[in-house]
Each structure stands twice: as structure tokens, then as C-alpha cells.
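Visitor:
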Amino acid sequence: MDERAVLPPTSMLSPRTAGRTREQFEREALVHLDALYGLATRLTHDPRDAEDLVQDTLLRAFRFFDRFEEGTHCKAWLFKILHNDFINKYRRRVRDREIAAQLGPGEGAGATVSHDAADAARDPERAILDGVLSSDVQRALDSLPEEFRVAVILSDLEELSYREIADVMECPIGTVMSRLYRGRRLLQQALRQYAVERGLLRDADVIPFPSGAGDKCK
Amino acid sequence: MTCGDIDRFVDAYLDGEFGDDDRAEMERHLQTCAACAGVAQRHAAFKATLRAAAPRPSLPAGLRARIDAALAKVPPPRPRWRRVAVRYAPPAAAAALLGMLMWSTHPFSPVVEDAIAKHQRDLPVEVTGRPDQVRAWFADKVGFAFRPPRLPPNSVLRGARLASLRERDAAYLVYDVDGEKVSVLVFDPHDLPLEARRTRYVGNHQVYLDGARGYHVALYRDRDVGYAFTSDMDEDRMIQLVSTAVAP
Chain D
27 MDERAVLPPT
37 SMLSPRTAGR
47 TREQFEREAL
57 VHLDALYGLA
67 TRLTHDPRDA
77 EDLVQDTLLR
87 AFRFFDRFEE
97 GTHCKAWLFK
107 ILHNDFINKY
117 RRRVRDREIA
127 AQLGPGEGAG
137 ATVSHDAADA
147 ARDPERAILD
157 GVLSSDVQRA
167 LDSLPEEFRV
177 AVILSDLEEL
187 SYREIADVME
197 CPIGTVMSRL
207 YRGRRLLQQA
217 LRQYAVERGL
227 LRDADVIPFP
237 SGAGDKCK
Chain P
486 MTCGDIDRFV
496 DAYLDGEFGD
506 DDRAEMERHL
516 QTCAACAGVA
526 QRHAAFKATL
536 RAAAPRPSLP
546 AGLRARIDAA
556 LAKVPPPRPR
566 WRRVAVRYAP
576 PAAAAALLGM
586 LMWSTHPFSP
596 VVEDAIAKHQ
606 RDLPVEVTGR
616 PDQVRAWFAD
626 KVGFAFRPPR
636 LPPNSVLRGA
646 RLASLRERDA
656 AYLVYDVDGE
666 KVSVLVFDPH
676 DLPLEARRTR
686 YVGNHQVYLD
696 GARGYHVALY
706 RDRDVGYAFT
716 SDMDEDRMIQ
726 LVSTAVAP
């Protein structure tokens with residue numbers, strides 16, 4: 027069908043109409059800039075790539091803003107565009123870079139929460155969580171395979187529903203659930219390991235987290 | 486709900502994915518079982534810690550301004566007709582509105598859907614080489630007279646693979662055009678409706694334009710061979726590419 031039969035070409039839109047669309051975009055899409063940049067950074071591990079990825083995402087979203095279904099979750103729609111764009115343009119570069127660098131351990135900067143070793147012995151799991159540094163969380167997130175990392179970020183940090191995550195990652199909901207399950211447990215394992223490294227936790231204190239219910243519970 | 490289920494279901498429960506009945510059942514169990522309640526608590530604490538401790542990278546200075554500047558250069562998208570029309574249209578425009586609704590919910594052509602799906606999947610190529618070498622490779626593999634499109638010199642053929650489109654042979658080619666990925670699906674268009682939301686004429690060729698999920702697709706037919714270009718380039722650049730391809 028020829029669009030000219032139905033819609034005026036873009037150039038004929040009045041400035042008022044164009045302005046309104048830009049305002050809508052501002053209100054519904056640009057407010058998620060921080061979240062988009064956060065995900066982009068965690069996908070690319072490179073501030074410049076992250077900026078480019080965010081800019082590409084928003085430009086594309088703007089061009090296709092008429093396709094955004096009103097009433098649906100704009101942030102999830104934007105994440106989907108960003109995730110697609112990442113896979114198409116950046117993923118290979120990131121993988122090459124990671125293979126080349128063979129990522130070393132993180133820097134471990136950041137303030138820690140003071141901690142009493144006696145408490146650690148009483149409740150080792152609590153000790154891990156109390157002593158956790160944001161640099162630990164960053165490092166643990168970065169250590170996850172990309173698919174697990176994306177699922178965990180979208181669920182725990184961005185609070186998307188399983189259905190929305192499935193839509194962003196173009197996979198079935200069952201796959202989202204297993205990625206979350208495995209991703210979270212790997213994260214917990216990594217954080218436990220960092221706590222041991224930092225002396226917050228002795229190896230002996232380490233119990234499987236947070237399983238162990240089955241055997242204690244009858 | 487039993488203790489054996491807790492590990493499997495605690496995530497969905499805490500993520501708010503349970504319906505009312507399942508949630509009530511889970512909560513009944515947690516009230517009577519201290520061990521499972523402990524597991525749920527630790528998971529909840531973990532979620533909360535993750536959320537609180539995960540660094541939120543701060544926006545680089547100037548990013549917002551750069552995005553605003555870039556947006557200002559993009560021609561404004563078509564307004565969201567559904568809302569605009571419903572809210573502002575006088576009753577007399579009802580018939581026109583109906584036309585628009587039908588237009589905006591018109592399904593994509595299957596070729597458009599397939600082309601985007603293939604473009605996104607980033608499948609490995611089976612053959613690389615110059616366009617004439619790739620053409621020779623396809624000669625005994627597809628049941629139509631395959632010709633790669635002629636593209637401008639800034640396009641590099643990265644490779645190709647066999648594909649299928651609506652259960653017929655197709656060739657899938659990946660190009661790099663100034664650093665951007667363009668995929669071209671070449672197929673036998675016989676009996677296959679080429680349709681899209683928009684059409685433009687390039688020379689004597691009718692080019693069908695469509696898009697979804699942030700990608701543009703340009704479809705055309707050239708001497709009994711169908712071509713679908715997919716990329717995230719803007720439409721004008723797609724048209725430029727297609728004009729080179731169909732130039733006599």
C-alpha cells in the first residue's frame with residue numbers, strides 16, 4: 027500500500043505535531059536514559075561503546091516511535107532495541123576484546139561496611155551480604171556469562187517481569203527462568219568467594235548458599 | 486508446596502511472578518516451615534543487596550546533549566496516529582480514522598518478517614569471496630538464477646549462506662557498508678506477494694519499504710529475482726543502496 031494514500035509525508039507534518047511527538051518521546055523514552063546507559067555499560071564493558079550503543083538505541087527508538095504500542099512498558103521496549111543493537115554491532119567486538127584481555131580480577135575499590143568477625147561465624151551468609159562492596163557486585167556481574175547477566179540485570183535491577191525479559195531477549199519464559207536461576211546462583215557463589223578472599227569469611231564458614239533447606243526441613 | 490519445591494520456586498515467588506493462589510500456598514508453607522522461610526529470606530536479602538549495591542554508572546557528561554543534538558537532526562517520526570486521532574479527530578473524520586487503524590494494524594509481509602529474523606540471528610556464513618565466486622558457489626545450490634546485487638564500492642561482501650524463505654531456496658548475503666551490517670536475502674519471488682506498508686519508485690522498479698523492531702527492510706524484484714535488504718540504516722541510505730543495485 028502506498029503511504030501517500032493514507033498519511034501525509036513526514037515533511038508535511040506541522041511543527042506542532044512534530045513537537046508533540048518529540049515531547050512524548052522525552053516523557054516516555056528519554057526518562058530511561060540512565061537505565062539504558064547502565065545496561066549498555068554492563069554489556070559492552072566500555073564507556074565509549076556504551077555511549078554509542080545508547081545513542082543508536084534512542085535514535086532508532088525515535089525513528090520507530092510510531093510503532094511503540096502505547097500502554098506497554100516503554101523501558102522494556104527500549105531495552106529490546108538496545109539488546110538487539112548490541113548483538114548486531116557490539117557483541118563480537120566485546121568478545122574479541124575479552125578474549126584478548128583475559129579479564130583480570132577487578133580493582134576492589136570502594137568503601138566496605140565494617141564487620142565483626144564474630145558475627146560472621148554466627149551467620150556467614152549475612153556476613154557476605156553485609157560486607158559486600160559495590161565493586162564486588164560489579165565484578166561478580168561482569169563474571170557472569172552474558173545471557174545470565176542480562177537476565178539478572180533486567181529482573182533484579184530493572185524489575186522487568188519474566189514476560190518482558192523474554193521479549194527483550196527473544197527467548198521463552200522458561201529460558202528466562204533458568205537463566206535467572208543459574209545467574210543468581212553463580213553471582214552468590216562469586217560474592218561468597220570474594221568474601222573469603224577479603225577475609226570476611228573463612229572457607230570453613232562457606233555453606234552452599236542459599237540451598238540446604240531440603241535437608242534441614244522435614 | 487513442599488520443602489523439595491522451595492529451591493525451584495523461590496525465585497518466581499520473590500520476583501512477583503506467582504498468581505494469587507500460588508502465592509497464598511507458598512506463604513502458607515513458609516509460615517509453617519522455618520527452614521524454607523529462612524531460604525526465602527536469604528534470597529530476598531540477596532535480591533535487595535544486589536539492587537542496593539550494584540553500581541549505577543553515572544551518565545557521562547555531554548551524553549544527553551549529544552543525544553538531543555542527534556535527535557534534532559532526525560526527521561520527526563510520524564505521530565502516533567492512534568492516540569492523536571482518537572483524541573483530536575472530529576467525528577467527521579471517523580471514516581478516515583478507520584482507514585488509518587486498518588493501515589496501522591496491517592500485518593507485515595512474511596518476507597519482511599523472515600528477512601528481519603534472519604538479519605538478527607547473525608548466522609555463520611558458509612562461503613566467502615568475491616561476488617562472482619559467491620555467485621558460482623550458489624549456481625548448483627538454489628533453484629533460480631541467483632545474482633548477487635551490485636552494490637557501491639563502499640560495500641564489502643562478508644559472506645553468504647544457503648537459506649530458505651517460505652519453504653523455497655534463498656541465498657543470504659551479509660555486507661559491511663561503511664561499518665554497518667546489511668543483509669540481503671535473494672529469493673525466487675514467483676507467487677510470493679511482495680508487499681509492505683510503503684512503496685517508492687526507484688527508476689522503473691517498485692521498492693517496498695517496511696520495518697520493525699528498529700530495522701528497515703527494502704524489497705524489490707529485478708528480472709525474476711527477489712531481493713530483501715535489511716539493515717538498521719535509515720531509509721534514505723537503504724534507498725541509495727537499492728538504487729545502485731537496480732541501476733541499468
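Chains as they are written, first to last, in the numbering used here: chain D, 27 to 244; chain P, 486 to 733. For every residue, glycine included, the Cβ atom is placed at its ideal position computed from N, Cα and C.
1) Closest Cβ-Cβ distance between M195/D and chain P: below 8 Å?
2) My output table needs one value for V612/P: the three-state DSSP class, helix, strand or coil.
3) Keeping to the same chain, check which residues put their C-beta closer than 6 Å to that of Y660/P; ignore five residues upstream and five downstream.
4) CB-CB under 6 Å to A143/D, same chain, minus the five flanking residues each way: which ones, in chain order?
5) Please work out which residues of its chain come closer than 8 Å, Cβ to Cβ, to Q50/D, disregarding the five sequence neighbours upstream and downstream, and give them in chain order.
6) Between which two residues does the alpha helix (DSSP H) holding S204/D run?
7) If I'm right that L679/P touches L704/P with Cβ under 8 Å, what's the distance once you round it to whole angstroms?
8) In its own chain, which residues sit with a C-beta less than 8 Å from the C-beta of R508/P, not counting the 5 before and 5 after it?
9) At a Cβ threshold of 8 Å, is K603/P touching chain D?
10) Under 9 Å Cβ-Cβ, which residues of chain D neighbour A697/P?
11) Expressed to the nearest angstrom, what Euclidean distance is found between the alpha-carbon atoms of D607/P and A645/P?
12) Cutting at 8 Å between CB atoms, please list the residues of its own chain near D111/D, excluding the five before and the five after it.
13) Run down chain P in chain order and give the residues with a C-beta less than 9 Å from the C-beta of P73/D.
14) For the stretch 617-625 of chain P against the stretch 725-732 of chain P, do three or more pairs of beta-carbon atoms, one drawn from each stretch, fall closer than 8 Å, so that the two count as touching?
15) Would you call the CB atoms of H58/D and K115/D closer than 8 Å?
16) When the distance is taken between beta carbons, is R68/D closer than 8 Å to L206/D?
17) In chain C, which residues lie with their C-beta within 7 Å of the C-beta of R549/P?
18) Secondary structure at F494/P, three-state DSSP: helix, strand or coil?
19) Between T70/D and chain P, is any beta-carbon pair separated by less than 8 Å?
20) Mark R635/P as exposed unless 16 or more other C-beta atoms lie within 10 angstroms of its C-beta, in which case mark it buried.
21) Under the three-state reduction of DSSP, which class applies to D78/D: helix, strand or coil?
22) Taking the C-alpha atoms as reference points, what is the distance between A221/D and R536/P?
23) Compare the C-beta of E77/D with all C-beta atoms of chain P and state if any pair is closer than 8 Å.
24) How many whole angstroms separate the CB atoms of L104/D and A55/D, which I take to be in contact at a CB cut-off of 8 Å?
25) Leaving aside the five residues before and after G699/P along the sequence, list all residues of the same chain whose C-beta is less than 7 Å from its C-beta, in chain order.
26) For chain D, check one thing: does any of its Cβ atoms lie closer than 8 Å to the Cβ of L738/P?
27) Counting only C-beta atoms, is L655/P closer than 8 Å to chain D at any point?
28) Any idea if S181/D is buried or exposed, counting beta-carbon neighbours within 10 angstroms, 16 or more meaning buried?
29) Quick one: using the 10 Å Cβ neighbour count with 16 as the cut-off for buried, is T487/P buried or exposed?
30) Quick one: what does DSSP say H690/P is sitting in, helix, strand or coil?
31) Do you know whose CA, among I552/P, G628/P and V627/P, lies nearest A76/D's CA?
Guide: Quick answer:
1) no
2) strand
3) S640, L642 and V667
4) Note that A143/D has pLDDT 42, beneath the 50 cutoff, so the model's placement of it is unreliable and no number is given.
5) F91
6) I199 to E223
7) 5 Å
8) Y498
9) no
10) F90 and R93
11) 11 Å
12) L79, D82, T83 and R86
13) P542 and P545
14) no
15) no
16) no
17) No chain C is part of this structure, whose protein chains are labelled D and P.
18) helix
19) no
20) exposed
21) helix
22) 18 Å
23) yes
24) 6 Å
25) D717
26) Here chain P comprises residues numbered 486 to 733, so residue 738/P is not present and cannot be evaluated.
27) This sequence places Ala at residue 655/P; Leu is not what is there. Closer than 8 Å: no.
28) buried
29) exposed
30) strand
31) I552/P
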